[in-house]
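In the UniProt record's numbering, the protein residues as written are 1 to 372. Each residue gets a CB set at the ideal place from its N, CA and C atoms; glycine is no exception. Contents: one structure, followed by commentary.
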Amino acid sequence: MSDTHSALQRVKVSGDAPYAIDIGPGLLADGARLAASLRGRHALIVSDGNVAPLYADALEQALRAARPELALARYVLPPGEHEKTLARFGECLDALARLGATRDASVLALGGGVVGDLAGFAAACWMRGIDVVQLPTTLLAMVDSSVGGKTAVDLPSGKNLVGAFHVPRAVYADTATLCTLPPRELRAGLAEVVKYGAIFDETFLDWLEAHADALLSGDDAVLAQAIARSCAYKADVVARDPYERGDRALLNFGHTFGHAIETEQGYAGATGDGLNHGEAVAVGMVLAARLSAALGMADEAHTRRLRTLLERFGLPTTIPAGLSPEALLARMRLDKKADASGLRFILWDRAGLARIVPGVADAAVLEVLAEG
Ligand code: ADP
Ligand code: ZN
Numbered sequence: 001m002s003d004t005h006s007a008l009q010r011v012k013v014s015g016d017a018p019y020a021i022d023i024g025p026g027l028l029a030d031g032a033r034l035a036a037s038l039r040g041r042h043a044l045i046v047s048d049g050n051v052a053p054l055y056a057d058a059l060e061q062a063l064r065a066a067r068p069e070l071a072l073a074r075y076v077l078p079p080g081e082h083e084k085t086l087a088r089f090g091e092c093l094d095a096l097a098r099l100g101a102t103r104d105a106s107v108l109a110l111g112g113g114v115v116g117d118l119a120g121f122a123a124a125c126w127m128r129g130i131d132v133v134q135l136p137t138t139l140l141a142m143v144d145s146s147v148g149g150k151t152a153v154d155l156p157s158g159k160n161l162v163g164a165f166h167v168p169r170a171v172y173a174d175t176a177t178l179c180t181l182p183p184r185e186l187r188a189g190l191a192e193v194v195k196y197g198a199i200f201d202e203t204f205l206d207w208l209e210a211h212a213d214a215l216l217s218g219d220d221a222v223l224a225q226a227i228a229r230s231c232a233y234k235a236d237v238v239a240r241d242p243y244e245r246g247d248r249a250l251l252n253f254g255h256t257f258g259h260a261i262e263t264e265q266g267y268a269g270a271t272g273d274g275l276n277h278g279e280a281v282a283v284g285m286v287l288a289a290r291l292s293a294a295l296g297m298a299d300e301a302h303t304r305r306l307r308t309l310l311e312r313f314g315l316p317t318t319i320p321a322g323l324s325p326e327a328l329l330a331r332m333r334l335d336k337k338a339d340a341s342g343l344r345f346i347l348w349d350r351a352g353l354a355r356i357v358p359g360v361a362d363a364a365v366l367e368v369l370a371e372g
């Protein structure tokens, strides 16, 4: 790994506005490469109070060295999902106004999913849409939220209720940033990595089993491979279905259950009083696998395999104590994944082969929830 560039991976995302995801250590210091994605004279770095002190100065220096005439400003919001608000979104737009950002300006989203979603939405709205370059610094954002163009902020009445589809101009995932990520956040990201194997490719689960120790220890090259493969699965499905009218919904495997757990716990993951998103998805995937088995779709052996892998990654696989099956079911009914025909789940026929199953009976779901 002495040669930075030999470790670099690239995934291309096709569509109306194609873009590339570059993955590897040291990308944030590569000013020339980053500047190549900036079309105009203005750029706003959006970050949060944990990430900015670690990485924003070096990023700014690299950009200034590569493009001295660039007008650069910074908007830093406090960390945490509860800051993904319309008020912070408004502040971000104000920062663009102060910068004098024109139609060819760029927003650089430096941080995790919260920063990426909010900055992406600000870019989608400023002058009806300017470029956003995603610079994800969490594993979760690298493998999921920075790719595919979903942007949003939360309202008091629910998560991601206001947003837009706005694909990035480019994504640079600097794997060196993962060394400062709290281990719990790394493990949460691994849940979404496992998800791709569960939905699309059993051989990726084999690979994850073989490389579990390297991934957990933060091995740069192995993480970069895992990220690249995850992004490739996501790129493939979003190219087929950019607006989630069909197959893209497969990416919600584990999420109907997971969101119900997160909401029922009041999104207490950040304070340690509840599961974070990745942890809730880990539990949700096991519940989806168990529901698949209960409905006679899949063999229990696949559930056991999934659970073993998630546990190896230090992730929870059972419903946290104190959550009632009825309350969780009620949450799922309110979720947008419920439609007129009953609850709609992403289930699997086997590990690596998921499909959308509408009209699942409440009784079957309750039975799985009741068993924990
Ligand atoms: P997500 O997990 O959806 O990407 P966040 O954007 O909330 O979520 O990021 C999770 C937490 O990790 C936040 O507190 C954020 O400030 C912090 N964080 C993000 N990237 C890094 C990093 N590379 N090093 C240290 N902390 C980070
Ligand atoms: Zn997710």
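Inter-residue distance for Ala-268 and Glu-262 is about 8 Å (C-alpha atoms, whole angstroms). His-42 counts as buried, since no fewer than 16 other beta carbons sit within 10 angstroms of its beta carbon. Distance from the CA of Thr-317 to the CA of Leu-181, rounded to the nearest whole angstrom, comes to 22 Å.
A Cβ-Cβ contact shorter than 8 Å links Ala-173 with Ile-227. Asp-299 and Trp-348 have their alpha carbons spaced roughly 10 Å apart.
Short of 7 Å from the beta carbon of Lys-195, and not among the five residues preceding or following it, lie these beta carbons of its own chain, in chain order: Phe-253, Gly-254, Val-281 and Met-285. Of all C-beta pairs linking the segment 285-295 to the segment 240-260, three or more are shorter than 8 Å, placing the two stretches in contact. Apart from sequence neighbours up to five positions away, the residues of its chain that approach Phe-204 with a beta-carbon distance below 7 Å are Tyr-196, Gly-197 and Arg-229, ordered along the chain. Not one heavy atom of the ligand ADP lies closer than 7 Å to the C-beta of Asn-252. Taking Gly-116 as the centre and dropping the five residues before and after it, the same chain places the C-beta of Ala-109, Gln-134, Pro-136, Ala-141, Ser-145 and Ser-146 closer than 7 Å to its C-beta, in chain order. The beta carbons of Ala-7 and Asp-219 sit no closer together than 8 Å.
For the UniProt domain "3-dehydroquinate synthase N-terminal" (75-187), the continuous alpha helix (DSSP H) assignments of 4+ residues that do not extend past its boundaries occur at 86-99 and 113-125, in sequence order.
Runs of the alpha helix (DSSP H) spanning 4 or more residues and lying entirely within the segment 316-353 occur at 325-334, in chain order. With contacts defined by Cβ atoms closer than 8 Å, Leu-96 and Leu-44 form a contacting pair.
Judged by their CB atoms, Ala-260 and Arg-331 are nearer to each other than the 8 Å cut-off. Between Ala-327 and Glu-264, the C-beta gap is smaller than 8 Å, which places the two residues in contact.
Between Arg-39 and Ser-106 the beta-carbon gap is near 7 Å, inside 8 Å, which marks them as a contact. By the 16-neighbour rule on beta-carbons within 10 angstroms, Thr-138 is buried.
In this structure, Gly-31 places its C-beta atom within 8 Å of the C-beta atom of Ala-66. Going by beta carbons, Leu-208 and Leu-309 fall inside the 8 Å limit. One thing to note: Pro-168 has its Cβ within 8 Å of the Cβ of Val-132. Arg-355 is bridged by DSSP to Leu-347. Thr-177 is the residue among Arg-350, Thr-177, Ser-157 and Arg-248 whose C-alpha sits nearest the C-alpha of Ala-224. With a cutoff of 8 Å on beta-carbon distance, Val-46 and Ala-235 are scored as not near each other.
Bounds of the alpha helix (DSSP H) holding Asp-57 are 52-66. In this structure, the ligand ADP has a non-hydrogen atom nearer than 7 Å to the beta-carbon of Ser-145.
Sequence-distant Cβ neighbours of Ala-58 in its own chain, meaning closer than 8 Å and more than five residues away, are Leu-28 and Ala-29.
One Cα belongs to Glu-202, the other to Glu-244, and the distance between them is close to 23 Å. When Cys-231, Ala-35, Ile-199 and Leu-118 are compared, the shortest CA-CA separation from Val-162 is found for Leu-118.
Closest in alpha carbon position to Phe-121, among Pro-156, His-166 and Gly-148, is His-166. Annotation: the continuous beta strand (DSSP E) that includes Asp-22 extends over 19-24.
By the criterion of a C-beta distance shorter than 6 Å, Leu-369 is surrounded in its chain by Pro-325 and Leu-328, once the five residues flanking it on both sides are discounted. Under the three-state reduction of DSSP output, Leu-72 falls in the strand class. For Ser-292, there is no enclosing beta strand (DSSP E); the enclosing alpha helix (DSSP H) covers residues 277-294. The C-beta distance from Phe-345 to Leu-216 rounds to 30 Å, too long to fall under 8 Å, and the pair is not in contact. Scanning Ala-35, Pro-78, Asp-241 and Glu-60 for the CA closest to the CA of Asp-48 turns up Pro-78.
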